[in-house]
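Mind the numbering: the sequence shown is residues 0 to 175 in numbering that gives the first Met the number 0, read in order.
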Amino acid sequence: MEHGAGFIAEDLAITDGKTIYSVPWTSTFRYYSSVDQGRLNAFINKATKVFPPLELLPLTKPKPIDDYVESRRLIDSAPITHVAILERGDEGVFHEKSDEAYRKALNLNRYEFNYHRAPMLVAHEFFNPELNLDEACLAERRILRTMVDSAKELLVVRTTDATRYAGLMLDHLGKN
């Protein structure tokens, strides 16, 4: 943010392949107000690790998003100009070929969103064939292909220190 960037999402966004859209239910800011490790918050965090459903209870008052990010920096959508795939390895920023970027994006998406194997959805599809998980997978592939093909630049950013990804990308883009 200190480099003049706007904020769309940290952990989850939606795309049609050409534009990225923010998602209002992202958990980006969900835990920031409980990062303070006072005794009560430390206890709540430990209890939540033991019994995860506790996180669903409103034990602390949520803070508005603009307590963390200035309202003028919040962006609802933006065109996709670059796709950067983060990897662990020897540090550097490398150009990626379209087919390889697509393969990696598809693989990462399958790992993160494995709905096509979710037992509840498979059972639901059995009784409600109009759900059609195969068609959902094909739509996902088309969107990822469009995203990769629409990007001006496809990058692989490698480092062994996760705190370096942003700086490496900014250096590459000439923004640092």
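Note that CB positions come from ideal geometry on N, CA and C, so glycine has one too.
A quick note: this is a predicted structure, and the numbers were derived from the prediction, not measured.
Along the beta strand (DSSP E) that carries E129, what are the first and last residues, could you check?
Taken as a continuous stretch (DSSP letters only), E129 belongs to no beta strand (DSSP E), as it is neither H nor E.
Should S21 and D65 be called a contact, given that it needs their Cβ atoms to be closer than 9 Å?
no
Beta-carbon proximity of A135 to H115, cut-off 9 Å:
yes
Relative to the alpha-carbon of A150, which residue among F126, R38, R141 and G16 has its alpha-carbon at the smallest distance?
G16
Classification of E86 by the beta-carbon crowding that lies within 10 angstroms, buried from 16 upward:
exposed
Run through DSSP, which three-state label would F50 get?
coil
So, under 8 Å CB-CB, D89 and R157 are touching, yes? Tell me the CB distance rounded to an integer number of Å.
6 Å
Taking 9 Å as the cut-off, decide whether the C-beta atoms of L132 and L120 are in contact.
yes
List the DSSP bridge partners of Y178.
For residue 178 there is no data in the structure shown, the boundaries of the chain being 0 and 175.
In this structure, does DSSP put I43 in helix, strand or coil?
helix
I need the DSSP call for G37, collapsed to helix, strand or coil.
coil
Checking the sheet assignment: what are the DSSP bridge partners for A83?
L154
What is the DSSP secondary structure of V92, reduced to helix, strand or coil?
strand
CA nearest to the CA of T80, picked from Y164, A165 and L154
L154
Candidates P52, E69 and F93: closest to D170 by CA position
F93
So the alpha helix (DSSP H) N106 belongs to, where does it begin and stop?
S97 to E111
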